[in-house]
Structure formats: structure tokens, C-alpha cells
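Okay, so here's the structure we're looking at.
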Amino acid sequence: MIHSGCTQARRPSGFTLLEVMLLIVILSVASMYIIVTVPTRILSDSAEDASQKFVLQMHHVREQAMLRNHVYGIEFKDDMYIFYRWQNQAWVEVVQPPLVATRVSDQIDLDFEPGDFRILDNMDEGRDAIFGRDARRESSEDEEPPRPDILIFESTEFVPFRLTFSARDPNQASFVIDGRSGIHLARAEVEGWQ
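The letter at position 18 of the sequence shown is residue 30 when you use our numbering, and the numbering goes up by one with no holes.
Right, dumping it as C-alpha cells:
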């Protein structure tokens, strides 16, 4: 046998760790670009879409409350709802998706019904004083301070409520989110036109 002085080293097939990590970085950047460029305030045309979006946001805010050990609040105003976080003795609006102010379509009516909130019933000042709803410390005299209707605690429990997404079109379904237990959420289609 004749051996030549040059031997070729065989390279194993497959990807190196560096190549795999580079691919992950590229995919992460691309997915962040998609998340940032997709509008977060899309108007849902149906009550079903709007109610499903609210349920997903509610699950997310409960996870954040538990993981970050913060109290969150949701305030309802006409055709929109706004997420807040209790920080430095004041409510601060959350501006990071998916917990951003959300406006529903003009084809949907929001109907919020507060439930019983017995945790602070025995306190003289109650929830309003504890969570700054009576104070106008940092807000101007013309500006009303945020007044969250739902509080989400670090334990993931929340102030009981019932929220109805009513379709104005009688041919479309309406949906109700039942959170009257303060622990579980149930979403159901409402029979008949509201």
C-alpha cells in the first residue's frame, strides 16, 4: 500500500453547538420582531374573541402576580379595560404586552358586575384606603386616580366578579366570564341576545 503524505481528517456530520446556538439566537430575534410589530390593541370583532383574550390576559396577570409577588388591578372604562400594578403606594399602568390597555370592538358591550369582597370587611378603612383609591397624592386635581375594579393578589386569588361580553348583533353569541369564586374563571356562551 502506498500512503500519501496527505491524509484527510473526516469531520463528523451534524451541527456544532455553536451553530445550534446561533440558530436559536436568530429565531429568538425573529420572534421578538414579530411580537413587537404585531399590534397589541387589535379590536376583536366578536364577543367570543374578546372574552377569550380577556381570559388569557387574566391567566397571565395571575401568573405574574405569583411570580413577581405583586398586586395587580384591572379597571373597566366603557369599552376598554386597563391593567395596573401596585407599586410605591400607587397604581402604575402596565404597558408591556399582553397586559396592555385593551379596547373592545364597538360591536361589543362590556358589563362588569363586582362580586362579594369579604377579606377586608372587618377593617375600618377597607380596600379603598389600603390601595390608594381615596388618595389623590400624586395625581393632579383634574385627573382621577386609577380605581381598579378587580384586584389580583400574590396568591393568584382575585376580587370576585362577573364580566359579560355582549354582542350587539343578535346573530352573534355573547359570552360571560364568571369569576365569582375569586379562584377559578369559567367562560361560557350566554343563551339568547342580551
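Glycine included, each C-beta is placed from N, C-alpha and C at the ideal position.
Assign residue i to one of three DSSP states: helix, strand, or coil.
i: Ser58; result: coil
i: Ile36; result: helix
i: Phe27; result: coil
Considering only C-alpha positions, which residue in the set the options is nearest to residue i?
i: Phe187; options: Ala200, Arg180, His196, Asp181; result: Ala200
i: Ile195; options: Arg159, Pro109, Gly127; result: Gly127
i: Asp181; options: Glu166, Arg192, Glu156, Ser117; result: Ser117
i: Asp91; options: Met70, Ser25, Leu175, Gly26; result: Leu175
i: Pro110; options: Leu122, Gln76, Thr28, Leu35; result: Gln76
i: Gln101; options: Pro158, Ala59, Asp61; result: Pro158
i: Leu68; options: Thr114, Ser43, Ser193, Leu122; result: Thr114
Would you report the Cα separation of residue i and residue j, rounded to the nearest angstrom?
i: Arg74; j: Asn81; result: 10 Å
i: Val107; j: Ser63; result: 20 Å
i: Val83; j: Gly191; result: 17 Å
i: Val207; j: Met70; result: Outside the displayed range of the chain (13 to 206) lies residue 207, so it cannot be described from this structure.
i: Glu156; j: Trp103; result: 12 Å
i: Gly85; j: Gln184; result: 30 Å
i: Thr168; j: Gly26; result: 45 Å
Write down the C-beta distance between residue i and residue j rounded to the nearest angstrom, noting that I regard them as a contact closer than 8 Å.
i: Phe177; j: Ile120; result: 5 Å
i: Phe173; j: Glu125; result: 7 Å
Sorted by chain position, which residues of the same chain lie with C-beta nearer than 8 Å to residue i's C-beta, five sequence neighbours on each side aside?
i: Asp57; result: Ser117, Gln119
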